[in-house]
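Mapping to this note's numbering: the sequence shown position 92 is 92, numbers consecutive. Note that the Cβ used here is the ideal one computed from N, Cα and C, for glycine as well. Model, not experiment: these values are computed from the prediction. These notes concern the structure reproduced below.
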Amino acid sequence: MAHPTGANRATVDEDESRTALPTALAEQFRTAGIRDFSIDDTDRAAYSSDASLFRLVPAAIVFPHDEEEVARVLSVARRLGVPITSRGAGTSIAGNAIGRGIVLDFSLHMNAVLDLDPDEQSAWVQSGCVHAHLQKQAKPHGLRFGPDPSTHTRCTIGGMIGNNACGPRALGYGRTGDNILALKIMLIDGTVVTLDGSDASTTFPRLHELVAQNLGTIRTNFGTFSRQVSGYGLESLLPENGFDVRRAFAGTEGTWGVIIAAKMRLVKDPSFTSAVVLGYEDMVAAAHDAPLLKDFPVAACEGLDSRMLDRVIDTKGAEAVPPLPEGAGWLVVELTGEDEAELETETQHLISESKSLDSAVLDAKAAAEVWAIRADGAGLVSRTPDGRDAHAGWEDSAVPVDHLGDYLHDLMELLEEHGLWGIPYGHFGDGCLHMRVDFPLEDPNGGQVMRDFMVAATKLVARYGGSVSGEHGDGRARSELLRLMYTPAALDLFSQVKRLFDPQHLLNPGVIVDPDALDESVRLTQLPLRDELPGTLAMAYEGESAGFASAVHRCTGVGKCRADSAAGGGIMCPSYQATRDERHSTRGRARVLQEMVSGDLLEPRWDSPEVHEALDLCLSCKACGTECPTGTDMSTYKAEVLHQTYKGRLRPMKHYSLGFLPQLARLVTPVAPVLNKVSGLPGLTTMAKKMAGIDVRRSIPQFASTTFRKWWTTTAEAAPKSRANAEVVLFADSWSNHFAPRILAAAVAVLEQAGVHVRVVDQTVCCGLPLISTGQLDAAKANLSETITALDATGDVPIIGVEPSCLATLKDDSLKLVADEASNRVADRVQTLAQYLLSIGAELPDLSGVEALVQPHCHQSAIFGNAADKELLARAGANTEFLGGCCGLAGNFGVEDGHYETSVAVAEVALLPALRKRGRAAGVEARTGSGAVADSGERLQVVLADGYSCRTQITDLSDAEGVSLAELLAWGWGLEPRR
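Written out as structure tokens, the structure reads:
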């Protein structure tokens with residue numbers, strides 16, 4: 001190591017970082033009493049990147065519990081000369097939350113709102129406090145924290161201060177730095193300083209003297225417009241600004257000290273808001289109109305490109321995008337006020353003054369949908385229409401808003417000159433432009449292409465008096481470019497200030513001062529350097545240039561998988577929600593897989609222990625495939641890894657016992673009554689569970705005395721039918737057939753009530769999902785191909801089912817595993833029961849006396865969505881509460897030995913608290929036999945869960961009983977399936 005005291009910067013040799021240093025740090029941490037740290041290769045791989053292009057494998061990750069532990073870690077770092085990088089949610093797009101030394105992750109333990117004072121409108125928070133958590137605490141008081149980045153559901157306040165983050169509403173509320181009331185920081189020597197905006201010249205006399213000697217440089221280089229975030233915000237240190245070190249600290253990216261806590265200003269929520277969308281011919285025309293907004297009470301103004309909406313429609317369907325005015329580019333504007341009539345006048349005035357082609361005032365629902373699309377912008381623009389990756393790098397430039405139109409016009413021409421592609425969007429109201437560019441980083445000259453464009457773009461933005469960074473910070477992406485934006489005197493001043501705070505250059509080296517090269521340590525440039533993994537891929541990776549290897553690089557690190565998605569009705573990522581462990585997030589797993597295919601920390605082996613450790617707690621819920629803006633499909637990647645690992649080898653027993661359960665069920669059906677009795681013998685059952693790899697705390701499902709298929713062929717199919725107006729094929733899935741035939745029978749009754757003729761495929765068919773989730777993809781493909789062939793032979797009528805996971809397999813997995821014309825035809829025909837009933841305009845029963853707590857199945861949420869179920873139940877008059885989050889059982893996951901605790905923890909995110917709140921929730925069948933059980937208001941309480949695994953989890957972990965939508969509708973009609 002070459003970092004003696006007084007050296008220009010601390011460095012960590014690559015070989016040392018991989019071997020000796022982690023061990024040495026672990027020994028030092030144990031001696032110092034650090035309670036939570038890791039040098040595990042799985043964790044180091046998970047933390048090797050953030051939301052940026054860059055990859056730096058840390059020597060160790062520390063999760064400090066308190067200020068004292070931070071001081072001890074800094075002591076170790078000083079003693080060994082090891083760099084320190086502070087990290088919150090790791091959503092940095094510029095690469096300023098990664099490093100080769102010690103990464104301090106504040107999000108796990110130091111994440112609290114310490115104090116909230118509604119009268120003062122302020123809150124003390126720890127560095128790792130998530131923005132959304134602060135907002136949740138402030139909301140009951142009619143307050144909010146003003147700035148709100150698109151990552152507000154998971155970014156931390158400490159990280160926002162580090163970047164001086166802004167977000168859409170900085171136009172109305174200012175940058176993060178503008179909202180700091182006090183700041184508690186730890187300097188590199190362990191000194192703790194609280195900065196409250198008062199003159200800090202006595203605390204930092206050398207800094208005060210340095211500023212006094214460079215007043216001209218500071219006044220002419222810094223603070224020229226609101227989005228000038230690049231470099232250090234030294235304008236806050238001017239005498240006329242009170243030598244405000246507190247504000248100057250914002251945007252230093254962890255290079256001056258470590259943020260322990262902060263006191264943030266809160267603001268009152270506006271009484272009234274108005275959302276307006278202005279449509280333009282293109283984004284340049286929209287940008288030219290942005291200066292108009294300065295004359296109106298605008299809190300936010302975002303530019304939105306039509307191609308972003310195309311991506312949403314491709315992924316989630318046209319219904320996911322609300323109707324917008326004519327145009328190919330839009331300004332989405334939020335106006336606020338305290339007088340509703342006055343706000344309406346301002347809104348109409350804005351529309352009339354704009355040069356838009358068309359306009360619309362959105363209601364609250366449509367506005368929320370548009371803002372959600374904008375929040376996913378970084379992921380939505382991360383791929384070109386023809387499937388190439390588009391990357392960060394030039395994603396955060398800013399100019400004074402009066403120059404935005406001209407700058408954007410010239411920037412788009414520059415892209416064309418360099419043969420590159422990008423979609424512009426972002427904070428048009430204050431001149432900040434976001435964009436992902438399709439740098440060909442996997443080509444031999446890809447790094448040079450990126451460098452050439454970045455240099456040219458910097459010269460362009462500088463000509464317009466702009467900044468290479470408007471809110472994301474410079475990091476490793478743009479720090480090298482500061483020399484093209486600032487004078488030599490300004491750059492020298494940066495170095496002198498940095499040296500005062502960090503003489504050994506231990507704090508986030510490579511950022512702002514003495515920067516890393518912008519094309520150094522770029523993750524994707526390493527992809528071609530690795531040998532291909534052995535074996536022929538089982539899954540089809542459509543649009544992926546290198547199949548699995550490029551698919552795992554879909555993850556750009558935006559970190560939406562770390563958000564509390566359940567609170568908003570989402571699913572992703574259940575294992576992270578339960579563990580709060582980065583390696584058990586979609587992003588963490590993707591980073592480990594990326595390391596396997598294109599890094600050097602892990603070996604390029606399918607059976608890599610680190611990879612299997614990261615994938616072990618993946619529930620294969622499919623949510624990341626649709627909720628992640630980049631479409632990172634971890635359930636597919638997990639199935640591929642398991643398939644390749646065990647191909648031709650002996651597997652764990654649970655793969656056989658659970659993967660082939662549908663086939664075993666068919667074999668043992670003749671002796672089902674005997675098995676049901678045997679399963680009640682405690683000793684024998686416990687031994688059988690252990691042998692099968694099943695957790696002994698799990699219940700064994702009871703076989704039905706009569707399967708649905710037997711009932712259908714012997715009774716129902718032969719029964720006289722009323723005249724039908726339509727026809728469907730009912731997919732009799734294995735789970736419902738053997739364990740819950742009543743649900744399939746209820747579906748038959750409901751469909752026939754709607755005037756639909758029901759057909760069932762003659763041969764026994766199964767989707768093979770348990771084989772897919774256990775990675776037995778050869779067997780799964782054979783099984784699924786047979787099923788596809790049988791279903792394809794039934795014509796072109798809709799295929800309806802009652803088990804969401806099986807329908808999702810036909811709709812989604814078949815296209816990746818079978819991937820032929822027949823699978824596409826079948827997938828196009830598959831619908832949920834609710835979707836089909838709505839499509840034919842079926843009359844619905846009166847459910848106005850029903851209170852339904854609904855646990856959607858993860859696979860339905862991901863592949864079909866829940867809109868049809870919500871609409872159908874609302875039309876029927878039921879009062880519903882749809883839960884977010886996964887039930888936690890997730891097919892075979894929660895049954896497997898070693899997963900029980902995680903399964904229960906996932907259920908505790910949303911399902912179990914909701915069941916306890918309902919208290920007296922019960923199943924329909926239990927209430928409608930001898931008499932319905934009603935609450936004090938005579939409303940019937942129902943726990944609605946279509947998924948077999950969801951109903952099993954509900955039964956195993958509570959006193960409630962789940963019922964299906966088919967059963968509820970049949971009960972509503974007073975129907976009893978024909979016996």
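Start and end residues, alpha helix (DSSP H) containing residue i
i	result
His612	Pro609 to Asp616
Gln348	Glu340 to Glu353
Thr636	Met634 to Tyr646
Tyr900	Tyr900 to Ala907
Leu883	Premise fails: Leu883 is in no alpha helix (DSSP H) and is neither H nor E.
Arg1053	A question about residue 1053 goes unanswered here, because the residues of the chain that appear run from 1 up to 979.
Leu965	Leu965 to Trp973
Ser657	Met653 to Gly659
Ala405	Sequence check: residue 405 is Gly here, not Ala. Element bounds for Gly405: Leu404 to Glu417.
Cβ neighbour criterion (16 or more within 10 Å) applied to residue i
i	result
Arg55	buried
Gly543	exposed
Ile313	exposed
Gly631	buried
Glu319	exposed
Glu640	buried
Met691	exposed
His349	exposed
Val370	buried
Val678	exposed
Asp796	exposed
Gly931	Only weak support is given to the placement of Gly931: the predicted model assigns it a pLDDT of 30, under 50, and the question is left unresolved by the model.
Asp396	buried
Pro385	exposed
Thr202	exposed
Residue i in three-state terms, based on DSSP
i	result
Glu582	helix
Met264	strand
Val756	strand
His427	coil
Tyr280	strand
Leu730	strand
Gly379	helix
Phe222	coil
Phe864	coil
Glu302	strand
Phe893	helix
Nearest residue (CA-CA) to residue i, options the options
i	options	result
Phe106	Phe204, Val258 and Thr217	Val258
Met186	His65, Ala907 and Val70	Val70
Ala563	Gly142, Val909 and Met110	Val909
Glu471	Val277, Ser201 and Met160	Met160
Arg698	Thr686, Val245, Phe708 and Thr707	Thr686
Arg981	Gly231, Ser230 and Met264	Nothing about residue 981 can be reported from this structure: the residues present for the chain run from 1 to 979 only.
Asn508	Arg35, Gly101, Ala60 and His65	Gly101
Leu183	Thr23, Gln941 and Trp256	Trp256
Ala551	Val193, Leu292, Arg589 and Thr220	Arg589
Tyr637	Ala567, Ala578, Arg759 and Leu817	Leu817
Ala907	Val130, Cys555 and Gly885	Gly885
Val73	Ala26, Asp119 and Pro118	Ala26
Val361	Val332, Ala614 and Pro604	Val332
Gly447	Gly379, His505, Thr525 and Val511	Thr525
Boundaries of the beta strand (DSSP E) in which residue i is found, first to last residue
i	result
Gln981	Not covered by the structure: residue 981. The range shown for the chain is 1 to 979.
Trp330	Gly329 to Gly337
Gln121	Here Gln121 belongs to no beta strand (DSSP E), and DSSP marks it neither H nor E.
Gly631	Counting along the chain, Gly631 falls outside any beta strand (DSSP E), and DSSP gives it neither H nor E.
Ala60	Ala60 to Val62
Gly242	No beta strand (DSSP E) holds Gly242; DSSP gives it neither H nor E.
### Task
Just list the beta strand (DSSP E) runs in the region 825-854, keeping only unbroken ones of 3 residues or longer that don't cross its boundaries, in chain order.
830-832 and 850-854
### Message
Could you tell me which whole beta strand (DSSP E) segments of length 3 or greater appear in the region 140-202?
### Response
180-186 and 192-195
### Message
Going residue by residue through the region 431-505, where are the continuous alpha helix (DSSP H) segments of at least 4 residues, counting only ones entirely within it?
### Response
446-463, 475-478 and 488-501
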